[in-house]
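Protein chains: 2
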Amino acid sequence: MGTTRLEAVQEPKHRHLKTVIGEALDSEFAVGQILPNERELAARFGVARATLRQALEQLTLEGRLQRRRGVGTTVAPPRMGVDVSTSSQDWPGGPGDAWESAGCLLTAPPTAVSIALGTDSDGDEQVHTVRRTLVRHGQPVAAELLYVPQVFAPEGTDVPSATAGAVEVLRALRRLPLDGQDRAVELGSAGADDAKQLDRLPGAPVLVVTTRYVSADRTAAVSVATYRADTCRLTFGD
Amino acid sequence: MGTTRLEAVQEPKHRHLKTVIGEALDSEFAVGQILPNERELAARFGVARATLRQALEQLTLEGRLQRRRGVGTTVAPPRMGVDVSTSSQDWPGGPGDAWESAGCLLTAPPTAVSIALGTDSDGDEQVHTVRRTLVRHGQPVAAELLYVPQVFAPEGTDVPSATAGAVEVLRALRRLPLDGQDRAVELGSAGADDAKQLDRLPGAPVLVVTTRYVSADRTAAVSVATYRADTCRLTFGD
DNA sequence: GAGTGGTCTAGACCACACG
DNA sequence: GTGTGGTCTAGACCACTCA
Chain A
1 MGTTRLEAVQ EPKHRHLKTV IGEALDSEFA VGQILPNERE LAARFGVARA TLRQALEQLT
61 LEGRLQRRRG VGTTVAPPRM GVDVSTSSQD WPGGPGDAWE SAGCLLTAPP TAVSIALGTD
121 SDGDEQVHTV RRTLVRHGQP VAAELLYVPQ VFAPEGTDVP SATAGAVEVL RALRRLPLDG
181 QDRAVELGSA GADDAKQLDR LPGAPVLVVT TRYVSADRTA AVSVATYRAD TCRLTFGD
Chain B
1001 MGTTRLEAVQ EPKHRHLKTV IGEALDSEFA VGQILPNERE LAARFGVARA TLRQALEQLT
1061 LEGRLQRRRG VGTTVAPPRM GVDVSTSSQD WPGGPGDAWE SAGCLLTAPP TAVSIALGTD
1121 SDGDEQVHTV RRTLVRHGQP VAAELLYVPQ VFAPEGTDVP SATAGAVEVL RALRRLPLDG
1181 QDRAVELGSA GADDAKQLDR LPGAPVLVVT TRYVSADRTA AVSVATYRAD TCRLTFGD
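Respectively, the protein sequence lines represent chains A and B.
Taking our numbering, the leading residue of the first sequence gets 1, the next gets one more, and so forth.
Taking our numbering, the leading residue of the second sequence gets 1001, the next gets one more, and so forth.
Structure, rendered in structure tokens:
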């Protein structure tokens, strides 16, 4: 990155800067390599630190950089593919499911989930709420909240330990016939809880995958899974 | 939004601000309603404009606000569901396909696409490149580049008009047997061309859907579709 | 304690939309 | 022309990591 100044262009500086740095990443940097710090880079390009940060933030959003406070900015590896295909028709917690249960509570779900579940949408009705995590290459890549009305998993209610409760709820689900599921993907930002599990700051961009599990014409469970948008590419194999 | 000051908290101001404004949106504002301008809001909450903007940017990313220069900040409608299910196994341009062709060129594709196509990955080999747009409710929501090696669509090569060329390439594809497809979704940011078609600024967040069409064990086409992340929720019906 | 990225301020000017 | 969001600056302090 030998460049010292930006040429005069009509394009905003931060956008041009992003292009220049992006090209430098391709040609002059290896994965994992650490970049000069923000103050150094800003000086080198002759811009304010805030302007440089706009460019770095874009590159981070695109998964090309990783930044950690107190450490530095490093070149990110290519995103890993994570299979979320629906064709392996099965309940969560089934065979080949790599998620790890982290706990189970009874809570009143968010209203959007209440509606999907067809439970009392005034938000009073409590449902089983199973927290799970997906780890790949030693790194947490997704956090999930699975909502199951008590009707579908009566056994789980009185279990002492939280993780044992999760196992119990998942087991109850698997005893039901699975008639179908539908799925949606959208952009979101990590809440405080998800952020902690994903080892990111709150507000970090995530891909939110919402799955509705249908059994006998009723919604038996709703899963809201948030995948780290910087490190994941969701794949739908055929 | 009668609030005037933020309480002292340990949480960063911009994050707390985002929460406060987000709650106000739910309770005090209607879809399409216009918010006070940035300077006004910043003054009202007793923060610098840049801090306020961090909060508004987050809410925009989550699809809760729409901002247009020279106009103002308005409350966004809920995201619309866009079906991208792979189960309706068909070539692009088939029946029920709502995309509109916008042009057709011969270009050397990006290296990632070259690799997927199995064409000469030195990037010299030219392929048909069809530009298409998806419009919903009078609003452009996605822009696509469809890459088809000339082997699979020889007829399209010498057509005079660009849009006629697109039709020709799509017609040639439909004559091939479609043996399968796979798909991936990831977060990206709009390039200059996509931004223009999507009526957004370059760098706007998009959901990038990459589809590989397989015919007789060969990749016959690769589609790279970018959906506006602020307005779209991708759905995979079953 | 030194160095990093994260937050925040108080200004300024620009590009764009609209009457 | 007026008002909006978008860009940019030159500082400051904080939270975190690591030697």
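Positions of the beta carbon are idealized from the N, C-alpha and C atoms, including for glycine.
Fewer than three Cβ pairs drawn from the segment 1023 to 1034 of chain B and the segment 1191 to 1201 of chain B lie within less than 8 Å of each other, which leaves the two stretches out of contact.
Collapsing the DSSP output to three states places Phe236(A) in a strand.
Within chain A, the residues whose beta carbon sits less than 8 Å from that of Asp1182(B) are Thr235, Phe236, Gly237 and Asp238, listed in sequence order. Interface with chain A (7 Å Cβ-Cβ cutoff): Ser1189(B) is included. When Cβ pairs closer than 8 Å are counted between the two stretches, the segment 1009 to 1017 of chain B is seen not to touch the segment 145 to 152 of chain A, the count staying below three.
About 5 Å separates the Cβ atoms of Ala1102(B) and Thr1133(B), confirming a contact at the 8 Å cut-off. In this structure, Leu1056(B) and Gly1022(B) do not form a Cβ contact; the two beta carbons are roughly 11 Å apart against a cut-off of 8 Å. The DSSP-derived three-state label of Gln139(A) is strand. As summarised for the segment 150 to 201 of chain A, the continuous alpha helix (DSSP H) elements at least 4 residues long and confined to that stretch are 162 to 174 and 192 to 198, given in chain order. DSSP, reduced to helix, strand and coil, places Val71(A) outside both helices and strands of the structure shown, so it counts as coil. Contact between the segment 91 to 100 of chain A and the segment 165 to 180 of chain A is established, with three or more Cβ pairs separated by less than 8 Å.
The beta carbon of Gln126(A) sits closer than 8 Å to those of Leu106, Thr107, Ala108 and Gln150, all from its chain and outside the five residues before and after it, given in chain order. Using a C-beta cut-off of 8 Å, the segment 1179 to 1189 of chain B makes no contact with the segment 1139 to 1150 of chain B, since fewer than three inter-stretch Cβ pairs fall below that distance. Per DSSP, Ser1101(B) is not a residue of any alpha helix (DSSP H); the beta strand (DSSP E) it occupies stretches across Glu1100 to Thr1107. Taking 7 Å as the CB threshold, Glu1062(B) lines the interface with chain A. For Ala220(A), no alpha helix (DSSP H) encloses it; the enclosing beta strand (DSSP E) starts and ends at Arg218 to Arg228.
Looking at the backbone, the Cα of Ser215(A) and that of Gly1070(B) are separated by about 50 Å.
From the listed residues Arg1233(B), Arg1212(B), Thr1163(B) and Ala1229(B), the smallest Cα separation to Ala1112(B) is found for Arg1212(B).
At a Cβ-Cβ threshold of 7 Å, Thr1210(B) and Gly1118(B) do not count as neighbours. Beta bridge pairing from DSSP links Gln1058(B) with no other residue.
Listed in chain order, the alpha helix (DSSP H) runs fully inside the segment 1004 to 1050 of chain B are 1013 to 1028 and 1038 to 1045, counting runs of at least 4 residues. For Val84(A), there is no enclosing beta strand (DSSP E), as DSSP marks it with neither H nor E. DSSP, reduced to helix, strand and coil, places Thr210(A) within a strand of the structure shown.
Sequence-distant Cβ neighbours of Thr163(A) in its own chain, meaning closer than 8 Å and more than five residues away, are Ser101, Ala102, Gly103 and Cys104. Closest in alpha carbon position to Asp1090(B), among Asp1193(B), Pro1177(B) and Tyr1227(B), is Pro1177(B).
Neighbours of Glu1186(B) in chain A, taken as residues at a C-beta separation under 8 Å, are given in chain order as Gly63, Arg79, Leu207, Ala229, Cys232, Arg233 and Leu234.
Beta-carbon to beta-carbon, Val1082(B) and Thr1235(B) are separated by about 7 Å, close enough to satisfy the 8 Å threshold. At least one C-beta of chain A is nearer than 7 Å to the C-beta of Gln1058(B).
Gly203(A) reaches chain B at Arg1015 and Gln1058, counting residues in chain order whose Cβ is nearer than 7 Å. Residue Ser223(A) holds the alpha-carbon nearest to the alpha-carbon of His128(A) among Ala143(A), Ser223(A) and Ser85(A). Scanning Ser114(A), Asp179(A), Asp194(A) and Ala116(A) for the CA closest to the CA of Arg131(A) turns up Asp194(A).
A straight-line Cα-Cα distance of about 29 Å links Ala48(A) and Thr1019(B).
Judged by DSSP in its simplified three-state form, Thr119(A) adopts coil rather than helix or strand.
When C-alpha distances from Pro92(A) are compared across Arg175(A), Asp217(A) and Leu52(A), the shortest belongs to Arg175(A).
Secondary structure of Thr1111(B) (DSSP, three-state): helix.
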